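Going from the sequence shown to our numbering is simple: count from 1 and add 22. All remarks here apply to the structure that follows.
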Amino acid sequence: LHAADRVLCADPGHPQLPYLREAGVEVAHEAPDAHALVEECAGGRTVVVIPSGEGDRLLTDGLARLAGSGRVDMPDLELLPGSYDLPGARLLDLVQVMDRVRRECPWTSRQTHEGLVKYAMEEAYELVEAIEDGDREALREELGDVLLQVVFHARIAEEHGDEPFSVDDVAGGLVEKLIHRHPHVFGDADAQTPEDVSAHWQRTKAVEKQRESLTDGIPLGQPALALAAKLAGRVRTGGVAVELPRGEGIGYELLELARRAEAAGVDPETALRAAARAYRDAIRAAEGVGSVGE
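See the structure below:
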């Protein structure tokens, strides 16, 4: 499609158009008849016509008549079969496979939410490592492993005796949340900058959650530097004057560093990880091992 001279589609509401635009393919909303299309292809030009769901029989019949008449120098015509699978269609396969594995695999069938926690954490950290390494192949694989955790937990949740839910419930809730929190995309609200969007998110979440404290909803199980920065961020954006607790020891020093980093727009967890990775490389260099991946 990128190599075509023109791409035509008569239906401005064709379901494939958003994906073509996303791919950078320019589409003209035209419905040429057979004669016009043949003229468009003169001189070896390549014209792609995206048909409607009905197949544009008038156009195809017209081309057939012209080809059979012998009076027109016809261009080469090629039918390119397209896929009817919209993006995300393979997720249906994933759900189906997960369902069968849950029923038939002796190990998988015995797993619980609690038993899978360590795997969810492990996969999340491996995803972070793939991102930091810039490894595209590993990134794709690790995203799949994280997705597996979501589908696995959702499948287990279907079996709950009192409060079951499915992967469709999970996805449906996420869709509703995304739409509700993006009125500047799906509604009439105005947000010109990332800061505008962030401010709206905070207001919306405050109404949704009806939290009593700025600390509500902050998971205490996250890494300590990230936790400290999250608390500091809530205090800063919430406009509450709170002095840092004073005490002796490295913990209080790290708390102050995390607060300063958050105020400066720096993620202390990411910053420390970058420094630790540099330290790791220095250790390997001192050992004469070389950088990771060499």
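Just so it is clear, CB atoms sit at the ideal spot from N, CA and C, and this is done for glycine as well. Model, not experiment: these values are computed from the prediction.
Query: Once the 5 residues before and after Ala254 are set aside, which same chain residues still bring their CB inside 8 Å of it?; Result: Ala280, Arg281, Glu284, Ala285
Query: Tell me the DSSP secondary structure of Leu23 in three-state form.; Result: coil
Query: What did DSSP end up calling Leu149 once you bin it into helix, strand or coil?; Result: helix
Query: Assign Arg177 to buried or exposed, taking buried as 16 or more other Cβ atoms, counted over all protein chains shown, within 10 Å of its Cβ.; Result: buried
Query: Which whole runs of the alpha helix (DSSP H) in the stretch 129-173 are 4 residues long or more, in chain order?; Result: 135-155
Query: Using 8 Å as the threshold, is the C-beta distance between Val117 and Val173 below it?; Result: yes
Query: To test your reading of the DSSP string, which unbroken alpha helix (DSSP H) runs of 4 or more residues are found completely within the stretch 228-311?; Result: 246-260, 272-285, 290-309
Query: Applying the criterion that 16 or more other CB atoms from any shown protein chain within 10 Å of the CB defines a buried residue, is Leu59 buried or exposed?; Result: buried
Query: In three-state DSSP terms, what is Arg93?; Result: coil
Query: Taking the beta strand (DSSP E) that Leu30 falls in, what are its first and last residues?; Result: 28-31
Query: Residue range of the alpha helix (DSSP H) that Val49 falls in?; Result: Where Val49 is concerned, there is no enclosing alpha helix (DSSP H), given that its DSSP letter is neither H nor E.
Query: Look up Ile201 in the DSSP assignment and give the residues it is bridged to.; Result: Looking at the DSSP assignment, Ile201 forms no beta bridge with any residue, so it has no partner.
Query: Between the Cα of Arg225 and the Cα atoms of Gly209, Gly194, Arg203, which residue gives the shortest distance?; Result: Arg203
Query: Is the beta carbon of Val257 closer than 8 Å to that of Leu236?; Result: yes
Query: Buried or exposed: Leu80, going by 16 or more other Cβ atoms within 10 Å of its Cβ?; Result: exposed
Query: In the DSSP assignment, find the unbroken alpha helix (DSSP H) run with Asp115 in it and report its ends.; Result: 111-126
Query: Using the rule of at least 16 other Cβ atoms within 10 Å of the residue's Cβ for burial, across every protein chain shown, is Val71 buried or exposed?; Result: buried
Query: Which one of Leu42, His24, Leu85 has the shortest CA to CA distance from Thr68?; Result: His24
Query: Taking just the CA atoms, how far does Glu181 sit from Pro205?; Result: 35 Å
Query: From the DSSP output, which residues share a beta bridge with His70?; Result: First, the residue type needs correcting, since residue 70 is Val and not His in the sequence shown. Note: Val70 sits in a beta bridge opposite Val29.
Query: My assumption, with CB atoms under 8 Å, is that Cys63 sits in contact with Pro40. Please give the rounded CB distance.; Result: With 8 Å as the limit, Cys63 and Pro40 do not qualify as a contact, their Cβ atoms being about 27 Å apart.
Query: Hey, how far is the Cα of Arg28 from the Cα of Ala111?; Result: 28 Å
Query: Using 8 Å as the threshold, is the stretch 116-135 in touch with the stretch 191-202, meaning 3 or more CB pairs across them?; Result: no
Query: If distances are taken between C-alpha atoms only, which option among Ala308, Glu291, Glu126 comes closest to Leu247?; Result: Glu291
Query: Which whole-angstrom value describes the C-beta separation of Leu99 and Leu85, a residue pair presumed to lie in contact below a C-beta threshold of 8 Å?; Result: 7 Å
Query: Which two residues bound the contiguous alpha helix (DSSP H) that contains His182?; Result: Careful: His182 lies outside any alpha helix (DSSP H) and carries neither H nor E.
Query: Based on Cα-Cα distance, which residue from Gly66, Glu61, Glu44, Gly260 lies nearest to Arg3?; Result: As shown, the chain starts at 23 and ends at 316. That puts residue 3 outside it, with no answer to give.
Query: Considering only their Cβ atoms, is the gap separating Asp289 from Ala251 smaller than 8 Å?; Result: yes
Query: Specify, as a first and last residue, the run of the alpha helix (DSSP H) that Ala56 falls within.; Result: 56-62
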